[in-house]
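Student: Submitted below is the structure of interest, expressed as structure tokens.
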């Protein structure tokens, strides 16, 4: 059996989203600060979730810069760390379930398992999209995300772009794999239709409408007819049924001759 197209599409998009989100989480490119007063014009400071890096056009990038403004302790940064790590864990779990459900080594795929992997990947996409959106919304707010005072300017870094792309790919891949639940739902509906009305009531899972229909069918059934009387004549008494050989015959005396 060929692998369904929705499963194939999900298996292509989901790993790409996981890789982009992993890169966005580890790289120090969430925000770019440049235009410092006391430093050369070409000095740029890259801020990430875990580290600060200083870059100059004539020198290589130098990471491990001191956090003079308390940027790494800001609420959006700490929330982004937790949510991005949760997104990576959910995406890894979703890919594991997808590999088991799509079955590259089995005759037929497991639609239910593939659908559950789509739900996990969709949740991973939402977990990755939330911190990226919040960080972008607070990007220029120096009270929330501390930075050097003016005239230094702040800009969105490349890690935000990677985070957006990775989260969207996880959402698309998860939605595609979640469509694998459609055959499972159709099979459950078909079995429910074939189930007799009384079985659902005995099992306790039937709806009130089904119970009402079952009660109406029971009332509409005709009452059973009384047993038919036997048309054979009543049995004769025991005396009448005696055999002819046992019946008494009259005694006749000898005939007398005349004088």
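In mature numbering (1 follows the signal peptide of the UniProt record, and there is no 0), the protein residues as written are -19 to -1, 1 to 240.
Yeah, the Cβ is synthetic: ideal placement off N, Cα and C, and Gly gets one too.
If you count every other CB in all the chains shown that lies within 10 Å of the CB of residue 1, and 16 or more means buried, which is it?
Tutor: Classification of residue 1: buried, given that the 10 Å Cβ count is 16 or more.
Student: With the cut-off set at 7 Å, would you say residue -5 and residue 65 are in Cβ contact?
Tutor: Cβ distance not < 7 Å, so residue -5 and residue 65 don't count as in contact.
Student: What are the boundary residues of the beta strand (DSSP E) that includes residue 27?
Tutor: Segment 25 to 28, the beta strand (DSSP E) holding residue 27.
Student: Determine the burial state of residue 11: buried for a count of at least 16 other Cβ atoms within 10 Å of its Cβ, exposed for fewer.
Tutor: Answer is buried; the Cβ neighbour count reaches 16.
Student: Whole angstroms are fine: how far does the CA of residue 54 sit from the CA of residue 155?
Tutor: Using only the alpha carbons, I get a separation of about 33 Å.
Student: Return the CA-CA distance between residue 119 and residue 99, expressed in angstroms with no decimal places.
Tutor: For residue 119 and residue 99, the distance between alpha carbons rounds to 31 Å.
Student: May I ask which residues mark the beginning and end of the beta strand (DSSP E) holding residue 134?
Tutor: First-last of the beta strand (DSSP E) with residue 134: 134 to 137.
Student: Answer with yes or no whether the minimum CB distance from residue 36 to chain D is below 7 Å.
Tutor: Checking the listed chains, one finds no chain D in this structure; it contains a single protein chain.
Student: Straight-line CA distance for residue -16 to residue -8?
Tutor: So the alpha carbons of these two residues sit roughly 13 Å apart.
Student: Run through the DSSP bridge pairs and tell me what residue 15 is partnered with.
Tutor: In the DSSP output, where bridge partners are listed per residue, residue 15 has 25 and 134.
Student: Using 10 angstroms around the beta-carbon of residue -14, count the other beta-carbons present and answer buried if the total reaches 16, otherwise exposed.
Tutor: It counts as buried.
Student: Comparing C-alpha positions only, which one of 71, 117 and 171 sits nearest to residue 142?
Tutor: Answer by Cα proximity: 117.
Student: Going by DSSP, name the residue or residues bridged to residue 34.
Tutor: DSSP lists 27 and 44 as partners of residue 34.
Student: Taking residue 33 as the reference, which of 45, 198 and 25 has the closest Cα?
Tutor: Checked all of 45, 198 and 25; the closest Cα to residue 33 is 45.
Student: Out of 133, 9 and 159, which one is the CA nearest neighbour of residue 102?
Tutor: Ranking 133, 9 and 159 by Cα distance to residue 102 puts 159 first.
Student: I'd like to know whether the C-beta atoms of residue 96 and residue 162 end up nearer to each other than 7 Å.
Tutor: In this structure, residue 162 lies closer than 7 Å to residue 96 by Cβ.
Student: State the start and end residues of the unbroken alpha helix (DSSP H) segment that holds residue 97.
Tutor: Element bounds for residue 97: 92 to 118.
Student: Have a look at residue 59 and residue -2 and give me their C-alpha separation to the nearest angstrom.
Tutor: Approximately 20 Å between the Cα atoms of the pair.
Student: Classify residue 39: buried if its beta carbon has 16 or more other beta carbons within 10 angstroms, exposed otherwise.
Tutor: Exposed is the call here.
Student: Give every residue of the same chain whose Cβ lies closer than 7 Å to the Cβ of residue 94, excluding the five residues on either side of it in the sequence, and list them in chain order.
Tutor: The answer, listed in chain order, is 78, 81 and 82.
Student: Using DSSP with H/G/I as helix, E/B as strand and the rest coil, what is residue 82?
Tutor: Correct three-state label for residue 82: helix.
Student: Closer than 6 Å by C-beta to residue 51: which residues in its own chain qualify, once you throw out the five before and the five after it? Chain order, please.
Tutor: Hits under 6 Å: 127.
Student: Residue 61 and residue 30 - do their beta-carbons sit closer together than 7 Å?
Tutor: Going by C-beta atoms, residue 30 is nearer than 7 Å to residue 61.
Student: Indicate the three-state DSSP secondary structure (helix, strand or coil) for residue 54 in the structure shown.
Tutor: Of the three classes helix, strand and coil, the one that applies to residue 54 here is helix, per DSSP.
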